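Peer 1:
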Amino acid sequence: MTVQASNLESEQLPDPSGAPEGDVSKLAGKSPTRLALGRFRRDKLSMVAFVVVALYILAALSAPFLVKFGVLDPTSFNQELTDPSTGGLPIGKLGGISWEHPLGVEPQTGRDVLSRVWYGLTFSLAIALTATILAIVFGAVLGIIAGFSGGWVDATIGRAIDLTLSFPSTLMLLALSSIGIQLMADILPGTFSDPLPNGAYVVFVLALFGWPGVARIIRGQVLSVREREFVDAAVLLGASRRRIYFKEILPNLWAPILVVFTLTMPAYISAEAALSYLNVGIKPPTPTLGNVLRSSINYSSADFIFFFTPAFLIMIIVVSFNLLGDGLRDALDPKTHR
Amino acid sequence: MFKYRKRVLAASAAIALAAGLAACGGDDGGESSDNPTGDAAATGEAGGTLNYLIYAPIEHVDPQRIYVGRDITNFSRTVYRQLVTFPISTDPEVSNTPVPDLATDTGTSEQGGKVWSFTVKDGVKWEDGQPITCEDFKYGASRVFATDVITGGPNYLLSYLDIPTDEKTGLPAYNGPYKGDGQELFDKAITCDGNTITYNFKKPWPDFPLAVAGLHMMDPYRQDKDQGDKSNFQIFSNGPYKLEGTWSKNKGATLVRNENYDPATDDPDNIRRALPESIVFNIGQTTETIYDQLIADSGDAQTAVTGQRVPPAYYNQIEGAVADRSSLQASPYVDYLVPNFRNMTDPKVREALKVATNAEAWINAGGGEKAYAPAESIVNPAVVGYQDNPAFSGPQEGDPEAAKALLEEAGVQTPFPITFTYPSSETADKQAAALKETWDAAGFDVTLDGLGDTYYDVIQKPNKESDVIWGGWGADWPSAITVTPPLFDSRINLTQNSDGQDYGAYKSDEFNSLVDQAQEAGTLEDQTAALQEADIVLGQDVAYIPLEIAQFYFLYGSKVTGFTTTPASSMYPDLGAIGVES
Amino acid sequence: MAFLSVRDLKVHFPTVDGVVKATDGLSFELEKGRTLGIVGESGSGKSVSSSAILGLHRKTSAKVSGEILLDGTDLLTLSDEQMRRRRGKDVAMIFQDPLSAMHPYYSVGNQIAEAYRVHHDVSKRAAKARAVEMLDRVGIPQPDRRVDDYPHQFSGGMRQRAMIAMGLINNPSLLIADEPTTALDVTVQAQILDLLQDLQKEFESAVIIITHDLGVIAEMADEVLVMYAGRAVEYGSGNEILTHPEMPYTWGLLSSVPDVSGDTDARLIPIPGNPPSLLNPPSGCAFHPRCPHRDKVPGDLCFTTLPELAPGTRTETHLKRCHLTDPDAVYEREVLPEIAPDLVEESHS
Amino acid sequence: MYAYVVRRLFVGVIMLIAMSLVTFVLFFASPIDPARYACGKNCSPELREQTRNALGYDKPVIVQWTDFLKGIVQGRDYPDDPELRAAAPELVTHCPAPCFGYSVVNTKTVNEEIKEAFPVSLSISVAAVVLWLFFGVLLGVMAAIRRGTIVDRGIVAAALVLYAFPSFFIGLFLLKFIAIKWELVDVPVYTTIAEGGIGGWLSSLLLPAVTLAMLYMAGYVRMTRAFVLESMTEDYVRTARAKGLRQNKVLVKHTMRAALTPLVTLIGLDFAGLMGGAIITETVFNYNGLGKLAYDANTTNDLPTIIGLVLLLGTFVILANIIVDMLYAVIDPRVRVG
């Protein structure tokens, strides 16, 4: 399937595998890339999704520079734009929307909302991206090893997967947050409250509970790829194991990995938001989509724009990424009608 | 002490530890705002059911363990009577002066406050009709010493009561009624002569009656009802109400009339009007939900009051008719900053920090004037003998330029790096960022260090890296003796592995000697004078920088009558006065 | 007028990558009691055409045109409901690979009985009894016990028998057997084929048997239709086609199977290259890319022009689609020696 | 079969023991001192030391761990202080086997806490599962039948959008608008059947269940759709049609039966996860289920409760896995367990 119940509801973090192996395992790069691309281009919805995702990524990349050059200013206060007598609500209509502040300003501090969500996007995507990559790399490597070597190695990895998945991940990451972040603060630059350690902790936890799903899919893939003659050939030619893993098998796994990637990203973007709600993750003043949303959720009646904006942005990117993933899947494997 | 108060306020503001940050305040007595009734004269009709809406579960219901302003007053007015208690009045003078409750008078002291004795009234009964005896009081006090079972409560008795200290553990040689080691020592320290109970202290305790009225540690307890830790959520009443069924930590409970309590004889001074037929402590809805309902004034919310402060996001909905149901009063808490004297040794640098501090931005970042009032001392105006501290009078929006100048005078090289440690939360993070602005402008280079659950562990470490530390405080009873000495007396705080509550490691012989004066003082007047002087010393050394006094901004249902918040009730709704239209 | 006559049958699948012409203008006729064999590599359009006869193609996914006259009624003009009523009753089909063609979650008996109850208003018990009867008829031992088994508990041969039972339970007048013997070992193949023949005699039904195995054709078919790239390339009586094939593709098929007479020193010559894409089939004769004899045709006829399906040099009823002018000669001279030397000797002596 | 179950259960127990050890070690490393919280305000180092002894946090981790395991087998006494037991036995709380520990913060055994919280989580998850299964499968099948049409796209898109909003946002939105602003339903407060009867119980579950259902439904819509489409192309479905079966009979008896089988796994695991408490939803609505218990235990550093919950939830997951496999054997005659 495409959508995973992420948002950390249920005790589990989003599981990239999502569906039973059978479902995704059809993807192995059977159809020629060109055909796939052609199909993809012809799928309007996917193209739209692709464009949206591209725009988001562009925004995320541009934000740090825009901040550097002062175009965006997510941190400085403009308390003159808020009214202390109303609990610091923005002065003016629709959350103080103006030319300088197209999405209004944050209550009490008067920080520019557009700058915060824009810059926050950078951090949210960075977290989701690194977590996804870690989970996929780790999962893929173990999945390949398991699938290829079989026997006790396979069994051991299988056990490890089961054990990891048996832990109530949300509870664990909550309970371990203070020590975990402390740990990160020790090995990484930055203090307990700095973005880096907090972000690193989230990335670490997401990856920690994300790899088993990937490993399962990839293992399934490898088992099917393994049967193909050219691998046997390689074995006969006495190619080294590593060579076989990475030269013979990996190339045939890019399709499923690509799809898993596009479907894991959105899950982790929501995860970041959900974790922020539980007060785990990068803390203000450094913005993320998650912590901006957290600071806005009580303003449903007082300042609807402020209340709705971050949630809406998250919704759009998550939907787009999922559609993109669907599109890729369809393109890469026309047989699965999704 | 603050910790729990803070934690609860934190919870009540529905934002982790550090609404604690938010939670503090004081008020110059004035501005009784839209408070319908204020003085003790007001009367509402009896009957009906009052709902008291609470967000976070109450940790302790056991009198010797209760240590939260809101709970202390709620239980004082309903189920736990004290030897002496505070009357209902919006006038601090009146409501900070104890009146007899279970005792015949407000107590007599000898040897300059080292010995106190009270006489228990005749005919006062427990909810089961048995009389309350001197022994019950003695037993209640003894429980405080069972520090391994009766945890979390106020433990002043450990340091005041005349019992030798066990060298090995560093704790009193008496360890409570359960194990009974050193019982004889305790029996010497507290004696019963008929109905008269006498307390013998190591050092003078001139404001002991205030302590008795301000807390429940001295409450009576019936030995046959004591199950130690299991009693944590049990109520054995001697007040106008009693518990119906059991107390559920997550849901709360219902209080109904106690037929063994007779207003005529038990409440001559009218300190517990006990108007509602029953009172429901309704625990478990978020502050936002509570206020959504109070504003809508729907269903049970019509007869509801709460100790949760209005979240700033809701201020703009409290207008017109709704505003008539609101109450804006200063709380008895103060939030403050302390410079770390280990790192910020140069007085000029501390002065610069003070001058650059923009308390106004901090207040606005926390919700503005309805959330906080400016503070001019670490002592709350509600405290007996309060006076503004000259060091902190005047405007408080911070003056970076002046501060810059001071830093230059100090000859330190700028930007001068400082780390500001505070308990992280939604609001706190904003407020800290607000302070950073002017500090940076003044030539400091500020690192914000917002911490989680480990906050107090960290800031008590002598080797902490923090240069500026947040603190919040509320007096346990309305006397400055429970404010400055516990916070700045280096002798009781600074040990090798902990700074206690003197987070800034402030150490001043001048201050300490004034504290001694205050503690040796036989009368409240002398004590107050000494403490006022001590506060001025603190101001000169910039031992602290007051931030604000949290405003208690409450809303109550349309059918609630005689809504009052008094210093006696720590400015929470005073259940002694409030009734409902039935 | 023949019992079944298919005229200019076209089955086109529009896909994102273009229109797939799985069957492109197929015509043939078949009488009751007789058997038509359709031969061709996989993807030559055999199965698609037969599915079309059963009306199995979804209107959403496939465009079917032409005429399929069964007993004079054009099946393509029937409504879905009317077609459904005939499906499995008048026209039944036996699919290849019975393992996947049977539902893994239902017992064999259940599935056979179901086929009966669709068209007969009888009780479950009655239907089951009928199923047992059929299983017995197709030679399943202890049918009353095996009737409750699941497909995966049957052996390949038995599954195929079960499929046949399912197909014949409503004794249809037209039975289509799609690769009925693929994936069965030789002895079982023989049994199944015998069974089919017996049943055909018994029920007097017309049978279309689809296969790529000329051995099967030799065994069963009265007429043979050779398909390539969605078109008929050769059509005639079984005997004719097997002894005097006139289309190089057919030769290829012949040379790629063991000699019918089971001669051991016969040699297998696989057809070079792969079946063409149906998306964009080769210009001219679809077979030309793989045809070893195209140089015998003057000019670039093979590359440019699609040959007619026309009577060859032998009989009016033996149609072929090829530009070769003297196929027999080429066959005798070049192909036969390769695949069946002994036959050649005979013809010389 | 029987032997298989036993073996699986055995492996499960091993896994749980491993989990408990991991958890203990992790928490022992935590900088948080549970004694501080119990010790309370103006707590001198001496007092804290004494509290730590009383709670047994002074013992080395291995000892604490073995005590814990002992407690599960033969029960424990709290506080475990022979002196006190001798002096005042009525003060000692006995926690009968299997004892998951004793929460100082709540002055209850963890078993009691779980006993109180579990029904809430169970109710919510049952209600949620029913909702999302009913709508998810229904819509999924509809989408599959109308494949490619506007109906199909609409259903899938709507489900995706609902999923893409962070769940706590959805929850708060429902609470603030459906319940409070528009007063379409009562402000949800958990009501047991005993208190409010079936009706009250159900209505109190509505909003939380809907919140969760929205989160999961998208996944099930898309999976159902995918599986149905997939099995539509199966040979046996073609066979069924070739028999002349009516379209909907084919759909129900042949297509669906096969398509819905893989859902069983996911339902099983998701449900197991949810029974462990939906931390965010329960926090948003302030329902005292296992999720809220976990959240509170974390904010109050209530280690015994956390550890108890980790193991409980682990058990759920492990059992769910076993049960799902059993179910499979029942549903699919091809599967031979053992």
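Residue numbers (my numbering), protein chains in the order written: chain A, 1 to 338; chain B, 339 to 920; chain C, 921 to 1269; chain D, 1270 to 1607.
Glycine is no exception: its CB is placed at the ideal position from the N, C-alpha and C atoms.
Owing to the predicted nature of the structure, the values given are computational and were not obtained by experimental measurement.
1. Of all Cβ atoms in chain C, is any one closer than 8 Å to the Cβ of D/GLY1607?
2. Is it the case that the CB of D/VAL1586 approaches a heavy atom of the ligand NAD more closely than 7 Å?
3. Nearest-angstrom Cα distance between B/VAL399 and D/ALA1307?
4. Could you have a look at A/HIS101 and say whether DSSP puts it in helix, strand or coil?
5. Give the straight-line distance between the Cα atoms of B/ALA748 and B/ILE756, rounded to the nearest whole angstrom.
6. Is the beta carbon of B/PRO670 sitting closer than 8 Å to the one on B/GLY467?
7. Are there 16 or more other CB atoms within 10 angstroms of the CB of C/ARG1214, so buried, or fewer, so exposed?
8. Does chain C have any CB closer than 8 Å to the CB of D/THR1508?
9. Is D/ALA1287 helix, strand or coil by DSSP?
10. Please tell me whether B/ARG840 and B/PHE826 are closer than 8 Å, where the distance is taken between their beta carbons.
11. What are the residues of the region 1449–1465 of chain D that lie near chain B, defined by any Cβ-Cβ distance shorter than 7 Å?
12. In chain order, what are the residue ranges of uninterrupted alpha helix (DSSP H) at least 4 long that sit wholly in the region 1529–1568 of chain D?
13. How would you label D/TRP1451, buried or exposed, when you count the other beta carbons within 10 angstroms and need 16 or more for buried?
14. Quick one, which of B/TYR393, B/GLN798, B/VAL875 has its alpha-carbon nearest B/THR822's?
15. Spatial neighbours of C/SER967 within its chain, please: C-beta separation below 7 Å, excluding the five flanking residues on both sides.
16. With a 10 Å radius around its C-beta and 16 neighbouring C-beta atoms as the bar for buried, classify C/GLU1001 as buried or exposed.
17. Out of B/TYR579, B/GLY895, B/LEU632, which has the shortest C-alpha to C-alpha gap to B/ARG419?
18. When you compare only the Cα positions, how much space is there between B/PRO502 and B/ASP519?
19. Would you mind listing the beta strand (DSSP E) stretches within the region 704–763 of chain B that are 3+ residues and don't spill past its ends, in chain order?
20. C/LEU995 to C/GLY1029, Cα distance in whole Å?
21. Could you work out which residues of chain D lie near A/PHE50, taking near to mean beta carbons separated by less than 7 Å?
22. Give me the Cβ distance between C/LEU1134 and C/LEU1173, rounded to the nearest whole Å; I'm assuming they're in contact under 8 Å.
23. Residues of chain B with CB under 7 Å from D/GLU1315, in chain order?
24. Would B/ASP912 be called buried (16 or more neighbouring beta carbons within 10 Å of its own) or exposed?
25. Counting only C-beta atoms, is B/ALA651 closer than 8 Å to chain A at any point?
26. Taking one C-beta from the region 130–137 of chain A and one from the region 185–198 of chain A each time, how about it: are there three or more such pairs within less than 8 Å?
27. Between the Cα of C/GLY945 and those of C/GLY957, C/SER964, C/MET1140, C/THR955, spot the shortest distance and give me the residue it belongs to.
28. Spatial neighbours of D/THR1524 within its chain, please: CB distance less than 7 Å, with the 5 preceding and 5 following residues excluded, ordered by chain position.
29. Could you tell me how far apart the beta carbons of B/ASN702 and A/PRO189 are, in whole angstroms, since I believe they sit closer than 8 Å?
30. In the DSSP assignment, find the unbroken alpha helix (DSSP H) run with D/ASN1322 in it and report its ends.
31. Just to make sure I have the definition right: I need the residues of chain B whose C-beta is within less than 8 Å of the C-beta of D/THR1362. Which are they?
32. Please decide whether B/GLN623 counts as near chain D, where near means a Cβ-Cβ distance under 8 Å.
33. Name the chain B residues whose beta carbon is nearer than 9 Å to that of A/TYR299?
34. Between D/ASP1601 and chain C, is the shortest Cβ-Cβ distance under 8 Å, so that the two count as touching?
35. Identify the continuous beta strand (DSSP E) that holds C/LEU1301 and give its terminal residues.
36. Give the straight-line distance between the Cα atoms of A/VAL137 and A/SER224, rounded to the nearest whole angstrom.
Peer 2: On the basis of the supplied data:
1. Low per-residue confidence applies at D/GLY1607: pLDDT is 44, beneath 50, and the placement is therefore not dependable, though the value from the model is reported in the following sentence. For D/GLY1607, the answer is no, since every Cβ of chain C falls outside 8 Å of its Cβ.
2. Because no ligand of any kind appears in the structure shown, any question about the ligand NAD cannot be addressed here.
3. 15 Å
4. Coil, per DSSP.
5. 15 Å
6. no
7. Buried, since its Cβ has 16 or more Cβ neighbours within 10 Å.
8. yes
9. Look at D/ALA1287 here: in three-state DSSP terms it is helix.
10. Here residue 840 of chain B is Asp; the residue named in the question, Arg, does not match the sequence. In contact: B/ASP840 and B/PHE826 (Cβ atoms closer than 8 Å).
11. ILE1449, VAL1456
12. The region 1529–1568 of chain D contains these whole alpha helix (DSSP H) runs: 1548–1554, 1559–1568.
13. Only exposed fits D/TRP1451, as fewer than 16 other CB atoms lie within 10 angstroms of its CB.
14. B/VAL875
15. Hits under 7 Å: ASP1098, ILE1130.
16. exposed
17. B/TYR579
18. 13 Å
19. For the region 704–763 of chain B, whole beta strand (DSSP E) runs of length 3 or above, ordered along the chain, are 710–712, 754–761.
20. 30 Å
21. Correct list: empty, because the minimum Cβ distance to chain D is about 16 Å.
22. 6 Å
23. THR507, GLY508, LEU509
24. B/ASP912 comes out buried.
25. yes
26. no
27. C/SER964
28. VAL1497, SER1500, MET1501, VAL1506
29. In fact, because the Cβ distance is near 33 Å, the residues do not count as touching under 8 Å.
30. 1314–1324
31. ASP567, LYS568, listed in chain order.
32. Taking 8 Å as the CB threshold, B/GLN623 lines the interface with chain D.
33. ALA651
34. Chain C, which has a Cβ nearer than 8 Å to the Cβ of D/ASP1601, makes this yes.
35. The question about residue 1301 of chain C has no answer, for chain C in this structure spans 921 to 1269.
36. 20 Å
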